[in-house]
Amino acid sequence: MPPGAPPAPTDQGPRQELSGPLDSLAKILYDYDIGSKLDGNAAEEPEDIAMDIWMAYGGTELGDDTVSKQGKRTKKALKSSPQEQDKERLSTENSRWERLPLGQTIEDIASLEELATMLNGVSYGSVKAKAAPPAPPGGGMPPPMAEASSLLTRYAALLDMRGDFEIADAVDALALLLVSK
Numbered sequence: 164m165p166p167g168a169p170p171a172p173t174d175q176g177p178r179q180e181l182s183g184p185l186d187s188l189a190k191i192l193y194d195y196d197i198g199s200k201l202d203g204n205a206a207e208e209p210e211d212i213a214m215d216i217w218m219a220y221g222g223t224e225l226g227d228d229t230v231s232k233q234g235k236r237t238k239k240a241l242k243s244s245p246q247e248q249d250k251e252r253l254s255t256e257n258s259r260w261e262r263l264p265l266g267q268t269i270e271d272i273a274s275l276e277e278l279a280t281m282l283n284g285v286s287y288g289s290v291k292a293k294a295a296p297p298a299p300p301g302g303g304m305p306p307p308m309a310e311a312s313s314l315l316t317r318y319a320a321l322l323d324m325r326g327d328f329e330i331a332d333a334v335d336a337l338a339l340l341l342v343s344k
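Numbering (the working numbering), first residue to last: 164 to 344.
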């Protein structure tokens, strides 16, 4: 590639779906496909998106959970065939709380406030990157996206050190999602 030429587009292929229980906020955001949601609703407030996610995973408009909307996924889901995983994913599209760990509710994983705070950070980086002027030839990511991606990458590294490898992978996927937009 000649100097100053734009980088070649990277085809990341189809988005990998999570098959195990959604036991962290990062996994829930990835499952919800937050990158696409933010791209399609730039005018929507992060708090409104947080409420949509909260309710999709079994929360109520009051900010608490619905005890009857508990997760049903177990670690066994990781060992099921891709066809079984697809079938389960399609059957829970309108009852996403079933993707949470067995017997847990959304409030067991995070509060509505934590979800809104995280979305404010993610949407800030996404909006600033879209509003930023084009990078000069040979440049990299716009600074706000680079900063958001860097923070998520450092968080994933800390999770790796703690031994939370699945969560770290989900956070890394979010970081990659941010820089690919």
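Here a beta-carbon is modelled for each residue, glycine too, at the ideal position from N, C-alpha and C.
Can you tell me which of Leu322, Leu275, Arg325 puts its alpha carbon nearest to the alpha carbon of aspartate 116? Only positions 164 to 344 of the chain appear in this structure, which leaves residue 116 out of reach.
Based on the DSSP output, what are the partners of leucine 265 in its beta bridges? For this step, residue 265 is matched to residue 102 along the sequence shown. Gly234.
Would you mind giving the Cβ-Cβ distance between glycine 268 and glutamine 246, rounded to the nearest angstrom? I have them listed as a contact below 8 angstroms. The residue labelled residue 268 in the question sits at position 105 within the sequence shown. The residue labelled residue 246 in the question sits at position 83 within the sequence shown. Note that residue 268 is threonine in the sequence shown, not glycine. In fact, because the Cβ distance is near 29 angstroms, the residues do not count as touching under 8 angstroms.
Among the candidates Leu225, Ser312, Leu181, whose CA atom is the shortest distance from the CA of lysine 242? On the sequence shown, position 79 is the one that residue 242 refers to. With distances taken between Cα atoms, lysine 242 lies closest to Leu181.
Ends of the alpha helix (DSSP H) at aspartate 327? Numbered from its first residue, the sequence shown carries residue 327 at position 164. No alpha helix (DSSP H) contains aspartate 327, which DSSP labels as neither H nor E.
Could you round the C-beta distance between tyrosine 193 and alanine 320 to whole angstroms and report it? I think they count as a contact, below 8 angstroms. Your numbering for residue 193 matches position 30 in the sequence shown. Your numbering for residue 320 matches position 157 in the sequence shown. Their Cβ separation, rounded to whole angstroms, is 18 angstroms, which puts tyrosine 193 and alanine 320 out of contact at 8 angstroms.
Hey, could you find the ends of the alpha helix (DSSP H) serine 254 is sitting in? Position 91 of the sequence shown, counted from the first residue, corresponds to residue 254. Element bounds for serine 254: 245 to 254.
Report yes or no: do the region 310 to 329 and the region 250 to 258 share at least 3 C-beta pairs separated by less than 8 angstroms? no
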